[in-house]
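Heads up, the thing below is written out as structure tokens.
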Amino acid sequence: MLAAAVLAPTVALAHAHLISPPPRSTVAQKTGPCGDDARTVTPTILAAGQMLEVDWVETVDHPGYFRILFSAANDADFTVLKDDIPNPPGAAPTDFSTMVKLPATACQSCTLQLIQVMTDNPTNPRYFSCADIRLVGGSTPTTTTTDTTGPKRPSTTSTTTPPEDDPCAALGGFEGVECVLDRALARPMCGGQVDPALEDALAAGLAKARTLVERAAARTRRRQVKRLLHAADGRLLVLRSRVARSPAVDGGCAGTIEQCLADLHARLLGLRRAH
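Just so you know, the sequence shown maps onto residues 1448 to 1722 in the numbering used here.
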């Protein structure tokens, strides 16, 4: 029995880790900011300044609280998005969810960080879980000019570029297609007012198209690239047909979905012609 206990493998307990956005690893780290987990090559693309639902799970219960932070500089200079999120006692696993507002400035190598703070472990009280993010769109820095010609009444003018309505508009190629797909997958179509069966079909079709596009981006042979892009476009055509035939979708919502799918079709067609 002793030998069996000695030889038994050590089980790595996650304690608390992100679910959405997808984390680098489902094993929480004891060293910050993100442990030894390397950045992924597929960050979650989000719009700068948007509201984001963050989901995580606690697998080992501890008294304490959670924190959500954000880095726009590759795991450096984290700022707090939400603090002191309660962690009431309960049987693990326990699911958690909260809304945060993302920074309004675009960044390439951004990080969303979840910290579990354990008040019953003062020597090493934190677990870390990180997700790779890229913020697109957003505002440019404010430009301020001051007229100091008047002796007592200087005039000040400030100009700020507002966030883009479509953060994917400025992106082309595979990057643009993946941005549109990621945005469509990150939020329910029409604010969640679509029939659940249709919503599931849209999510499954878009996810499959996303996988096919990702595989195409990794190929070097033109024939393979074209074949994978054609298959992705086929998934979108099936979705467009289903939306058009669904009686559960009102005209405005159907137009929103059709616009998204038509944009993807046009982008995929451009990619196929380019290859």
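C-beta: ideal position from N, C-alpha, C; glycine also. Computed from a predicted structure; not experimentally measured.
| task | Answer yes or no: do residue 1510 and residue 1576 have a C-beta to C-beta separation smaller than 8 Å? | result | The residue you call residue 1510 lines up with position 63 of the sequence shown. The residue you call residue 1576 lines up with position 129 of the sequence shown. Against a cut-off of 8 Å, the Cβ pair of residue 1576 and residue 1510 comes out as no contact.
(message) Measuring only the C-alpha atoms, how far is residue 1478 from residue 1533?
(response) Here residue 1478 refers to the residue found at position 31 when the sequence shown is read from its first residue. Here residue 1533 refers to the residue found at position 86 when the sequence shown is read from its first residue. Cα to Cα, residue 1478 sits roughly 22 Å from residue 1533.
### Message
Quick test of your reading: residue 1556 and residue 1502, contact by CB under 8 Å. State the CB separation rounded to the nearest angstrom.
### Response
Within the sequence shown, residue 1556 is the residue found at index 109, counting from 1. Within the sequence shown, residue 1502 is the residue found at index 55, counting from 1. With a Cβ gap of about 23 Å, residue 1556 and residue 1502 do not count as contacting.
*Please state whether DSSP places residue 1678 in a helix, a strand or coil.*
The residue given as residue 1678 occupies position 231 in the sequence shown. Correct three-state label for residue 1678: helix.
Give me, in chain order, the residues of the same chain whose beta-carbon lies closer than 6 Å to that of residue 1645; leave out the 5 immediate sequence neighbours on both sides.
As a working note, residue 1645 is residue 198 in the sequence shown. So the qualifying residues of the chain are 1693.
Span separating the alpha-carbon of residue 1492 from that of residue 1629 | As a position in the sequence shown, residue 1492 is number 45, starting the count at 1. As a position in the sequence shown, residue 1629 is number 182, starting the count at 1. Straight-line Cα distance between these residues: approximately 6 Å.
*What first and last residue would you give for the alpha helix (DSSP H) that runs through residue 1658?*
Along the sequence shown, read from residue 1 onward, the residue named residue 1658 stands at position 211. 1643 to 1664 is the span of the alpha helix (DSSP H), which, as asked, contains residue 1658.
(Q) Let's test the definition: count the other Cβ atoms within 10 Å of the Cβ of residue 1706 and tell me whether it reaches 16, buried, or not, exposed. (A) If you number the sequence shown from 1, residue 1706 lands on position 259. With fewer than 16 other Cβ atoms within 10 Å, it is exposed.
So, for residue 1465: in the same chain, excluding its five sequence neighbours on each side, which residues have a beta-carbon less than 8 Å away from its beta-carbon? On the sequence shown, residue 1465 is found 18 positions in, with the first residue counted as 1. For residue 1465, where only same-chain residues beyond five positions count, the Cβ hits under 8 Å are 1501, 1502, 1503, 1559, 1561, 1576, 1577 and 1578.
Next on the checklist: Short of 6 Å in beta carbon distance, which residues of its chain neighbour residue 1527, apart from the five on each side in sequence? Order them along the chain.
Outcome noted: Start at 1 with the first residue of the sequence shown, and residue 1527 comes out as number 80. Correct list, in chain order: 1516.
Where the alpha helix (DSSP H) through residue 1530 begins and ends: Indexing the sequence shown from 1 puts residue 1530 at position 83. Taken as a continuous stretch (DSSP letters only), residue 1530 belongs to no alpha helix (DSSP H), being part of the beta strand (DSSP E) at 1526 to 1534.
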